[in-house]
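Encoded as structure tokens, the structure appears first; notes follow it.
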Amino acid sequence: MKGSMRAPGKNHPLVGAWLVTRWAQPGGVCADPMIGVGGLWLRTNGTVGRLYGCEIEPGLCALARDNLPAGVLVLSQGDARSWKPPEPVNMVLFSPPFLQNHSAGATAHQQEIRERKRLHTMQEFGSDPANLGSTKSQGFWSGMGLIYKQARLYLAGGGHLAVVLRNRIRKRRETNEVGEHIRLIRGAGFDLVGVHPRDLDPRYPARIRPVVLSGIGPTLEAASRALRWCAFEVL
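For what it's worth, numbering that gives the first Met the number 0 labels the leading residue of the sequence shown as 0, then goes sequentially.
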């Protein structure tokens, strides 16, 4: 896949293929508001009738066009917070960027390290100030909330929103980014209907295989410890 090392969020293509097979309608219309280089959709050829994608960085847009079939992909360069496909979609699938969060009161050495990380983040996500991948704290979460509310508007009745999420380990403690995403998604008018605790790639049998729950999912606390992806439907 072209540009795979430039993609800030690296997801195995089989993750996207499994989620589309499980939650999308065959030959349906799908959307990815933060498509990047298109990695989640690489193995979905033949299962998606049309894919509307949005990406804020022009370089990643070009790579997505190279990676995905032109007859299926309809790609726009823009901000996911205000983007809307021209027709309702049956499934919204994407992988949000990590929160770039730093605490105050740093030493000079810590500030130097952070500056290096900032430059690395710009290389990964781009320098556009509207790019949520380089946005910190409250601005990041308010932006993600807008994206989920926008997805609620263009998702067709009976459709699903699937989001690939990860927690990170910071200062030897696991973050609760997954739990915060779930809170925002539920606040946008969705209900949790499916979860997956770990990886989907069948080539790694030692890992936990897919688990799908019907009805209401686990608590946010349990979800924040376990989930790698979540599926939602409109309330």
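Note that CB positions come from ideal geometry on N, CA and C, so glycine has one too.
List the endpoints of the continuous beta strand (DSSP E) containing residue i.
i     : result
Leu74 : 72-76
Asn66 : Taken as a continuous stretch (DSSP letters only), Asn66 belongs to no beta strand (DSSP E), being part of the alpha helix (DSSP H) at 57-66.
Arg49 : 47-54
Ala30 : 27-31
Would you mind giving the Cβ-Cβ distance between residue i and residue j, rounded to the nearest angstrom? I have them listed as a contact below 8 Å.
i     : j      : result
Val19 : Cys29  : 7 Å
Gly58 : Leu74  : Wrong, their Cβ atoms sit about 13 Å apart, outside the cutoff.
Lys83 : Gln149 : 6 Å
In angstroms, rounded to a whole number, what distance separates the CA positions of residue i and residue j?
i      : j      : result
Ser81  : Arg169 : 31 Å
His159 : Arg171 : 34 Å
Val47  : Gly27  : 6 Å
Phe139 : Pro96  : 9 Å
Gly45  : Met143 : 30 Å
Gly70  : Arg49  : 8 Å
Gly38  : Ala23  : 17 Å
Pro12  : Arg42  : 6 Å
Leu92  : Gly15  : 8 Å
Arg165 : Pro85  : 30 Å
Ala161 : Gly193 : 9 Å
Leu191 : Ala61  : 34 Å
Glu176 : Leu72  : 30 Å
Ala79  : Pro25  : 25 Å
Met33  : Val88  : 15 Å
Gln76  : Arg167 : 29 Å
Trp17  : Ala129 : 31 Å
What three-state label does DSSP hand residue i in the structure shown?
i      : result
Arg169 : strand
Glu86  : coil
Leu191 : strand
Phe139 : helix
Asp200 : Bear in mind that a pLDDT of 41 at Asp200, under 50, signals an unreliable position, so the model cannot answer this.
Leu98  : coil
Leu41  : coil
Ala69  : coil
Ala79  : coil
Gln122 : Low per-residue confidence applies at Gln122: pLDDT is 48, beneath 50, and the placement is therefore not dependable enough to give any value.
Leu183 : helix
With 16 other CB atoms within 10 Å as the buried threshold, where does residue i fall?
i      : result
Glu56  : buried
Ser94  : buried
Asp31  : buried
Leu67  : buried
Leu152 : exposed
Glu179 : buried
Gly157 : exposed
Gly186 : exposed
Glu54  : buried
What residue range does the alpha helix (DSSP H) around residue i cover?
i      : result
Gly157 : Careful: Gly157 lies outside any alpha helix (DSSP H), inside the beta strand (DSSP E) at 154-163.
Val36  : No alpha helix (DSSP H) holds Val36; DSSP gives it neither H nor E.
Gly132 : Looking at the DSSP string, Gly132 is not in any alpha helix (DSSP H), and its letter there is neither H nor E.
Thr20  : 12-22
Verify the CB distance criterion: does residue i have a CB-CB separation below 8 Å to chain B?
i      : result
Leu160 : As a matter of chain content, chain B is missing from the structure shown, which is built from one protein chain.
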